[in-house]
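First the structure, in the form of structure tokens, and then the observations on it.
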Amino acid sequence: MDSMTAETPRKFSAGAAALFVVAAIALYLMIFIGQSVAWFMEQSALASESLGALSNAGKVWFLIQAFLIAVSCGIAFGVSKSAFRPVYRSWMVASLITLPAFGLRFLGPNNDQVGAFLQILIGLIGGAAILVFRKREFRFDRRSLFALAIAPLGIWPFLLWGAFGSGTNIVLNLLAGLAFGLLAASLIVITESNYFLNGLGIGVLLAILGSAFGYDGGQLLLLVVLPTFGFALVYVAQSAAAMTIGVGLLAAAPLVFIDPTELTIVLGDLLPWAMKASFLMMGLGLLIGLAIWIGSKRATRPAFNPLYASILTWGLAAVIYGFFGLHGFYGDRLFVILKSQADVSSAVQIQDRNQRLTYVYKTLTDHANQTQADLRQTLDRFGIHYTPYYLVNGMEVDGGALVRLYLMSRPEVDRVIPSPRLRAIPQLAAPMTGPYTSVQQNPGWNIQMIGADKVWQDFGVTGQGIVIGQSDTGVDGAHPALHDSYRGLNQGNDYNWYDPWSNSKSPIDLEGHGTHTLGIALGKGGIGVAPGAQWIGCVNLERNLGDAPLYLDCMQFMLAPFPHGGDPLKDGDPTKAAYVLNNSWGCPTLEGCDANALRPAVDALRDAGIFVAVSAGNDGPLCSTLTNPPAIYAAVFSVGAVDEAGNVADFSSRGPVTVDGSNRVKPDILAPGVQVFSSLPNNTYGPEDGTSMAGPHLAGVVALMWSANPKLIGDIDRTTQILIQTAKPYTGSEPSGQCFAGGTPNDAYGYGIVDAYAAVKMAVGK
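Have a look at this one:
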């Protein structure tokens, strides 16, 4: 093996070597465990507003880790007289030189291009400065080709199970990986010919750098994939160029193929694949390192030509991706909200429902076409793809950070928010199914609790004549509880079903949530509140993560349905609009929404005479945990969850609404949301928990009210007044300090528990 000594050689004792091994393992375990725990705490805060105090765990641990490494390695450097003294120093410098990466922890979700740009700066500036200080040459040589050849042998798991973002994402993250490689190359210290100890030292250095360089979950992937390659990189460690290439390409694999935001436990389906790829890559690092060590024992240089080897290994990588990889580009987009939003409040004066709906649709689309004209023309000129919207006057634009800067400079633009798009995964999870193949209680306890069954019996009203619009994960249209109620059963799927995710032409549900919630609203067999109502459906949440434009796709379809392949701004037919909307979803900052992202949409729907029922969210039990649009808005009726005993569910989000500065009292009302029995895909049934289960009860009650008294249709003010006046007073438990103080309405339970029987009775004037 060539000499790779970058420092003056020193002898080492067995005791010093043992201490070094213990220190290396201890440091790595501290970093990995600390980063994992901190990430999990942050994700817990992301999943529930009540755990918001944990949201800074990653930032706090970053500083603690840097301090612990700097101090411990500084002490080791100061007292050690062994050959490992320079290695301790390099670890200490690594913990300090990456302190600027602390800023990455403040980016928030869906800012990966900005993050990559900052990573490039940190790596380039830090790496170049240290190389100059150490007077190390940066020269491409045979070892550089060798590093280029071995990289594809390690990254192929990500070629199989990862997916590209946009072209800009690919370039930026590749450069970020190479900048990381430069920083690592500048800090590498080889002081002894012991292959294992040198590899261990490099591995810990890569762990220190990776834990700081990665963010939003990406640090965990770097912590898994990089350290074991320390043994493979010993051979090229003397060459700064070779180390830059080798480390850079290895680090680039998770950066290029994985969007760190999508590792979130809220999504849940990408993390297992990403970790599978990472641990496989970790094993490959050990195998490649072992192979290089064995080869180095037999020859001072590889017997093969590294140029030809590079061509061969990268050719194999191209074959793996070409035949087995996830093809396509899945870059995040931008949602551009214009300053001018149409005012359609005068629509409430129009008595005829179809005329009212048509007025709102035409006013909104005309306003969008007029105010977006200049911006559309500019984007067309530059070949930038966009999708216009009218329910919120805005546009979804395919573009990254630079396009965003330009759009923000436009005078007609109010703001630009992220519009995240999920990357492909190797295999979707199977839709959830229930443990039962038939209804277990007819009617269910929840139906009896709100008195819907008494409405059927005493008034003969089941929701006939009313169409409920369902925007969710989809609907299993073949389910016996839902099949006959689909408006498209005889009319066809045009104007009745829309799937902007997978472009399905008839009702499907690849997850199960939507089938369950719709069953509560109108399912037959005693599970639904209004079994005589019809439904139309839209998919806005296929993998438990959406964005503002996807939600708008469905909201626009509910206002003015259009045929398959139609243009929402031209082909919508408002006379086919839904009467009542069930929305068992929210749009948090993780999905790009700010507090006012969907407010113009729900305001316009209310003005059009469409009742919007929204689940309050599952972030309880603390106050001010009702934070996500559209549940926070005054124009919607927000529904919290109560259990069979009449107690507010612990998970049910509470007000007041503080994210928009309104301090609005929310939720408006409660409905059953704990162990609610309903339909699930594949002709099954089962119970589920959540305010998602509470919201459909209200949608069903409104359908009963409007079916009983058609004069109420479109009269949102009178409908909400009846719901408020007839709500059952809350008599359940009131945990101290959890938003139960004060009178009615209340930030824990609103006006009380919805009473279908009393509401219908008042609606018909009896």
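In our numbering, the protein residues as written are 222 to 987.
In this text, a Cβ means the ideal position worked out from N, Cα and C, and glycines have one as well.
Around the C-beta of Ile757, 16 or more other C-beta atoms lie within 10 Å, and the residue is accordingly described as buried. Asp840 is a Cβ neighbour of Ser269, given a cutoff of 8 angstroms. In this model, Gly504 and Pro321 are separated by some 31 angstroms (Cα to Cα). Here Met776 is not near Leu578, since their CB atoms are 8 angstroms or more apart. Nearest Cα to Gln340 within the set Phe544, Ser874, Ala397: Ala397.
For Met779, the enclosing alpha helix (DSSP H) begins and ends at 769 to 780. Residue pairing by DSSP puts Thr905 in a beta bridge opposite Leu901. DSSP places Thr608 in the strand class (E or B) of the three-state scheme.
Judged by DSSP in its simplified three-state form, Met653 adopts coil rather than helix or strand.
For Lys887, DSSP assigns no beta-bridge partner whatsoever. Remark: C-beta atoms of Gly279 and Trp260 approach each other more closely than 8 angstroms.
Secondary structure in the stretch 403 to 474: no beta strand (DSSP E) run of 3 residues or longer lies completely within the stretch. Measuring C-alpha to C-alpha distances from Leu555 to each of His588, Asp490, Met629, Ser567 identifies Met629 as the nearest. Closest in alpha carbon position to Leu395, among Ala473, Gly324, Ile466, is Ala473. Taking a contact to require three or more Cβ pairs closer than 8 angstroms, the stretch 688 to 698 and the stretch 786 to 806 qualify as touching.
Here DSSP, grouped into helix, strand and coil, assigns Arg875 to coil. By the C-beta density criterion, Glu358 is exposed, having fewer than 16 other C-beta atoms within 10 angstroms. Excluding the 5 residues flanking it on each side, Ile429 has same chain C-beta neighbours closer than 8 angstroms at Leu248, Ile252, Ile290, Trp312, Ala315, Ser316, Thr319, in chain order.
At a Cβ-Cβ threshold of 8 angstroms, Ala929 and Phe680 count as neighbours. Beta-bridge partners of Ile974 (DSSP): Leu891, Lys949.
In the DSSP assignment, the residues bridged to Val634 are Leu559.
Less than 8 angstroms divides the Cβ of Leu484 from the Cβ of Ala495. In terms of Cβ geometry, Asp720 and Val696 do not form a close pair [threshold 8 angstroms]. Per DSSP, the continuous beta strand (DSSP E) segment holding Val863 begins and ends at 858 to 863.
Burial of Val833 is indicated by the presence of at least 16 other C-beta atoms within 10 angstroms of its C-beta. Taking 8 angstroms as the cut-off, the beta carbon of Val457 is found closer than this to the beta carbon of Met464. Positions of the beta strand (DSSP E) runs, each at least 3 residues long and wholly inside the stretch 798 to 863, are given as 801 to 804, 832 to 836, 858 to 863 in order along the chain.
Straight across, the Cα-Cα distance linking Val581 with Leu933 is about 19 angstroms. For Glu263, the enclosing alpha helix (DSSP H) stretches over residues 235 to 268.
Taking all protein chains in view, the Cβ of Val857 is crowded by 16 or more other Cβ atoms within 10 Å, so the residue is classified as buried. Gln591 counts as exposed, since fewer than 16 other C-beta atoms from the protein chains shown sit within 10 angstroms of its C-beta. In the DSSP assignment, Cys294 falls within the alpha helix (DSSP H) that extends over 278 to 300. The three-state reading of DSSP puts Ile934 in coil, since its state is none of H, G, I, E or B. Of the other Cβ atoms in all chains shown, fewer than 16 fall within 10 Å of the Cβ of Lys356; this residue is therefore exposed.
Taking C-beta separations shorter than 8 angstroms and ignoring five residues to either side along the sequence, the partners of Val281 in its chain run Ala259, following chain order. Phe550 is bridged by DSSP to Phe385.
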